[in-house]
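Working notes, structure below.
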Amino acid sequence: MRHGDICIASYPKSGSTWLTLILLLLTRQGDMPKEKDLADTYWWPDWGADYMLTNEQLDAAPDPRLFRSHMPYQLAVGGVPADNPAKYIYMARQPRSVLSSYYNYARDFDTYAGPWEDFLRLFMEGKVWFGDWFDHVQSWWARRDSGNILCLWYEDMKADFDTEVRKIADFAGYSLSGELLAWIRQATTYSSMRDHDLTNMKNADPGKTAPPKQYYRGGQPGAGNGRFTREQSDRFDAWCARRMQETGFDHRVARN
């Protein structure tokens, strides 16, 4: 990793595609990307060989080099963030919303065919891709005061987009005029991302990612609460309470 590199990290289904586009538009300073697919604008080394580059290719890439990862802190792109000059932006989202979105994602990509009840159990047991939600978020949140780590919450982005984007711009070292902010705000709405080929996966390389049945479902906080039965909801709340006690992490865990 080198100065100027920026890596977006998150647990799956926490809004990282949204954040990636925001960061990309910020670094382009008003120029709409000419790439056909968002995945062509960053490197995602933990997602498979098709997203990896040789050292020579990485060295030749122009600044800013953007990376994306779902790894916890200890397995961060480029090694432990405290030991390298890159900047890391971590996006977290409340676990109920993550779980519901993760279930939809796994079903849509044909990586899971079981019932909701079983996926709920697997999630609480940390037996889904990238493990336990609490361990993952806490690994980054505990280092939130490090100079090269910025921790954000999806719910804050939804509640006060302008303030959060200004935080990103200040952290990443990019100017942000009112005009540019307004343009980014419009270009990253749900409808804009759903309809634009850069982000709706219509141009996704089938050799890398099979297009899902449905990629965008609204993304509103609390949208997945209706999937829980009363018993499942109580069980999930009890699991959250236990994991909060075990990990000492209790920030923004309450239901949406």
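Okay, so the sequence shown: first residue is 0 according to numbering that gives the first Met the number 0, each after it adds one.
Even for Gly, the Cβ is constructed at its ideal location relative to N, Cα and C.
All of these numbers come straight from a predicted model, not from anything done at the bench.
- Query: Going by DSSP, which residues form a beta bridge with K86?
  - Reply: I5
- Identify whether W140 lies in helix, strand or coil by the three-state DSSP scheme. helix
- Keeping to the same chain, check which residues put their C-beta closer than 6 angstroms to that of P71; ignore five residues upstream and five downstream. H135, S138
- Item | First through last residue of the beta strand (DSSP E) which encompasses L151 | 148-152
- Message: Which residue wins for smallest C-alpha separation from L151, given the options V79, Q93, M0, W238?
- Response: Q93
- Task: Assign W42 to one of three DSSP states: helix, strand, or coil.
- Result: strand
- Task: Say whether the stretch 97-106 touches the stretch 78-89, bearing in mind that this needs 3 or more beta-carbon pairs closer than 8 angstroms, one atom from each stretch.
- Result: no
- Message: Please determine whether the Cβ atom of I5 lies at a distance below 7 angstroms from any heavy atom of the ligand NAD.
- Response: This structure lacks the ligand NAD, and indeed carries no ligand of any kind.
- Measure from the alpha carbon of D82 to the alpha carbon of each residue in L37, M0, W46, then state which is nearest. M0
- Query: Is the stretch 119-133 in contact with the stretch 52-66, if contact means three or more CB pairs nearer than 8 angstroms?
  - Reply: no
- Task: Using alpha carbons as the reference points, say which of G225, M156, C239, I183 lies closest to W132.
- Result: C239
- A158 to L98, Cα distance in whole Å? 20 angstroms
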